[in-house]
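**Student:** Numbering (the numbering used here), first residue to last: 41 to 274.
(1) Report yes if the C-beta distance between residue 200 and residue 232 is below 8 Å; otherwise report no.
(2) Once DSSP output is grouped into helix, strand and coil, what is the label at residue 208?
(3) Can residue 114 be considered in contact with the ligand ZN, in the sense that its beta carbon sits closer than 7 Å to one or more heavy atoms?
(4) With a Cβ-Cβ cutoff of 8 Å, do residue 165 and residue 198 count as a contact?
(5) For the alpha helix (DSSP H) containing residue 250, list its first residue and its last residue.
(6) Since residue 217 sits in a beta bridge, which residues does DSSP pair it with?
(7) Just grab the DSSP bridge partners of residue 192 for me.
(8) Roughly how many whole angstroms lie between the Cα atoms of residue 62 and residue 99?
(9) Short of 6 Å in beta carbon distance, which residues of its chain neighbour residue 171, apart from the five on each side in sequence? Order them along the chain.
(10) Within this structure, are the beta carbons of residue 254 and residue 177 separated by less than 8 Å?
(11) What is the rounded straight-line gap between the Cα of residue 237 and the Cα of residue 193?
(12) Using only alpha-carbon positions, find the residue among 220, 205, 273, 213 that is nearest to residue 195.
(13) What first and last residue would you give for the beta strand (DSSP E) that runs through residue 230?
(14) Using the DSSP secondary-structure output, state which residues sit across from residue 222 in a beta bridge.
(15) What separation, rounded to the nearest whole angstrom, lies between the Cα atoms of residue 57 and residue 48?
(16) Give me the Cα-Cα distance between residue 226 and residue 149, rounded to the nearest whole angstrom.
(17) For residue 122 and residue 101, what's the separation of their Cα atoms in angstroms?
(18) Three-state secondary structure (DSSP) at residue 274?
(19) So, using beta-carbon positions, are residue 265 and residue 205 closer together than 8 Å?
(20) Take the Cβ of residue 95 as the centre, count every other Cβ of all protein chains shown within 10 Å, and call the residue buried at 16 or more, exposed below.
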């Protein structure tokens, strides 16, 4: 009997244990299922939140990339604009340098012309002075020649001197023999006319230029006219 009671108690304990495990499993399985479901929902929400966050972040990054690209395009355009302006500035500087060089060349040319003009004026002044001195020299001996040689001197157009010799022809003492003299651009004596013509006039002109002896020239002209008169009378 005692053994039977012990067996019943063991059987009852085993049954109770089985029921406990069954209830435990049911309870644990339900709780675990609930926890899993909650965890699944949490993960889903987390993933959705992260997806939304990263999607938004990606959109922001895309906008940032577009903005950067836009800035890069603007920078590229500005760089092209600056390069064009620098090129234009270089061209302007080059033109200015050319204009400055041309202006300097023009200034130099003007200065050279001024210096050349001054030299010409000095030369002209010297020639005028020499001409004046020669005219004065001629004037001084005019009265002497007129008194002793029957010579008359006249100043005619273009600053020329005309010499009129008389007392050459014994048959006609008043018959004029004329020679016209001027001073050319080089400041040299030049016979412009001779009436009647003398074959030796070129030689006498050259001698006058070489010696600058005006008195001798006039005397030689008179001798030549006298010789011509004798020759014509013979």
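For glycine and all other residues, C-beta sits at the position ideal for the given N, C-alpha and C.
Quick caveat: nothing in here was measured; it's all calculated off a predicted structure.
**Tutor:** Answer, in terms of the structure:
(1) yes
(2) coil
(3) This structure lacks the ligand ZN, and indeed carries no ligand of any kind.
(4) no
(5) 241-251
(6) 205
(7) 204
(8) 54 Å
(9) 223
(10) Contact flag set, yes.
(11) Computed Cα separation, rounded: 18 Å.
(12) 220
(13) 229-235
(14) DSSP, once it has assigned bridges, lists 230 as partnering residue 222.
(15) 14 Å
(16) 27 Å
(17) Distance between the alpha carbons of residue 122 and residue 101 is about 30 Å.
(18) coil
(19) Result yes, Cβ atoms of residue 265 and residue 205 sit closer than 8 Å.
(20) Around the CB of residue 95, fewer than 16 other CB atoms lie within 10 Å, so the residue is classed as exposed.
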